[in-house]
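Heads up, the thing below is written out as structure tokens.
Residue numbers (our numbering): 1 to 297.
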């Protein structure tokens, strides 16, 4: 098997695992909400995050299949623009819900004495609902920007070839502009993760200084939380690196190997972090163990 084929196999495997993992998270949270007859803030965030990642993986795979196996249809029709616009919406949702989740854990777990932090901690549900409510507003700003160039291209080409094409430079600029808002939310996510890691590290140091020789369950839990956060940040950064490679490939001579590498790097985040969430959440972990026991039987 060639290196290109190996990368493609890895990308397909990541996609299958990512679809299963995110589908499992969404299903478990929906079942719990039906049983409890109420929707908690955390369940809402996890369901939204899993749903956006589920759709995002399918969009990435559809784009890759069309590019690699039907390039003529991909370039000559509307498919490339439809995929690009859907990716923008799902990418915004993914980053928005991931940031909401990091803020939730930051306000729930971190320990700071600053008055602003204490005020935010006391209004956590309102802040998160406000943040998630801003997501549809960002869609309202995005839709006119992504549909007008599409409509203009239709009117421009209706009396000529009937083909809808976007100049590579225009496409690249649009992608960068649409990513600016997402990048700001991503920076907010990194800041909250960094502050939470700092708080956990300080708490862990205090527990080690006061240790009596026995393993403290609280210390173990904080070390586990730090590992989960660090792995999340690494995967999140790799996701943006892979996305940048996939966007930049349209402005350069076609490089199939580089594109497959970018796709593999991109899918690693929605796949890997879904299993990190399952292992880090007690309810999801117990549900996954029950499923594995049923499959084993």
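All residues carry an ideal CB built from backbone N, CA and C; glycine is no exception.
From a predicted model like this one, the values you see are computed outputs, not experimental measurements.
Status (buried if at least 16 other CB within 10 Å, exposed otherwise) for residue 139:
Along the chain shown, one-based indexing puts residue 139 at 139. With fewer than 16 Cβ atoms within 10 Å of its Cβ, residue 139 is classed as exposed.
Could you check where the alpha helix (DSSP H) with residue 88 kicks off and where it finishes?
Along the chain shown, read from residue 1 onward, the residue named residue 88 stands at position 88. Residue 88 -> alpha helix (DSSP H) spans 79-109.
Do the segment 71-90 and the segment 16-34 touch if we need at least three Cβ pairs shorter than 8 Å?
no
In or out: residue 95 buried (at least 16 other Cβ within 10 Å) or exposed?
The sequence position of residue 95 within the chain shown is 95, counting from 1. Classification for residue 95: buried.
Since residue 276 contacts residue 228 with CB under 8 Å, what's their CB separation in whole angstroms?
Here residue 276 corresponds to residue number 276 of the chain shown, with the count starting at 1. Here residue 228 corresponds to residue number 228 of the chain shown, with the count starting at 1. 6 Å between Cβ atoms; contact.
Would DSSP call residue 296 helix, strand or coil?
Stepping through the chain shown from its first residue, residue 296 is reached at position 296. Reduced to three states, the DSSP call for residue 296 is helix.
For a quick check, are the C-beta atoms of residue 64 and residue 11 less than 9 Å apart?
One-based indexing of the chain shown puts residue 64 at position 64. One-based indexing of the chain shown puts residue 11 at position 11. Yes, these two residues count as a Cβ contact at 9 Å.
Exposure of residue 14, with buried meaning 16 or more beta-carbon neighbours within 10 Å
By 1-based counting over the chain shown, the position of residue 14 is 14. Classification for residue 14: buried.
Quick check: residue 54 and residue 16, are their CB atoms within less than 9 Å of each other?
Numbered from 1 along the chain shown, position 54 holds the residue referred to as residue 54. Numbered from 1 along the chain shown, position 16 holds the residue referred to as residue 16. It is not a contact, given that the beta carbons lie outside the stated cut-off.
Excluding sequence positions up to five away, which residues of its chain have a Cβ less than 6 Å from the Cβ of residue 193?
Here residue 193 corresponds to residue number 193 of the chain shown, with the count starting at 1. Result list for residue 193: 102, 229, 233, in chain order.
Nearest residue (CA-CA) to residue 263, options 39, 6, 61, 45
Counting from one through the chain shown, the residue named residue 263 turns up at place 263. Cα-wise, what sits closest to residue 263 is 61.
Distance between residue 50 and residue 310 (C-alpha atoms, nearest Å):
No answer is possible for residue 310: the residues shown for the chain start at 1 and end at 297.
Suppose the cutoff is 7 Å on Cβ atoms and the five residues either side in sequence are ignored; what does the same chain contact list for residue 269 look like?
Position 269 of the chain shown, counted from the start, is the residue given in the question as residue 269. These residues qualify, in order along the chain: 235, 236, 238, 239.
Quick one: using the 10 Å Cβ neighbour count with 16 as the cut-off for buried, is residue 106 buried or exposed?
Counting from one through the chain shown, the residue named residue 106 turns up at place 106. With 16 or more Cβ atoms within 10 Å of its Cβ, residue 106 is classed as buried.
Please return the same chain residues whose Cβ sits closer than 7 Å to the Cβ of residue 91, not counting the five positions on each side in sequence.
Residue 91 sits at position 91 when you count from the first residue of the chain shown. 56, 182, listed in sequence order.
Using DSSP with H/G/I as helix, E/B as strand and the rest coil, what is residue 281?
The residue labelled residue 281 in the question sits at position 281 within the chain shown. It is coil, neither helix nor strand.
How many angstroms separate the CA atom of residue 245 from the CA atom of residue 259?
By 1-based counting over the chain shown, the position of residue 245 is 245. By 1-based counting over the chain shown, the position of residue 259 is 259. If you take the alpha carbons of residue 245 and residue 259, they lie about 7 Å apart.
On the CB-based measure, 16 or more other CB atoms within 10 Å of its CB, does residue 210 come out buried or exposed?
Stepping through the chain shown from its first residue, residue 210 is reached at position 210. Residue 210 comes out exposed.
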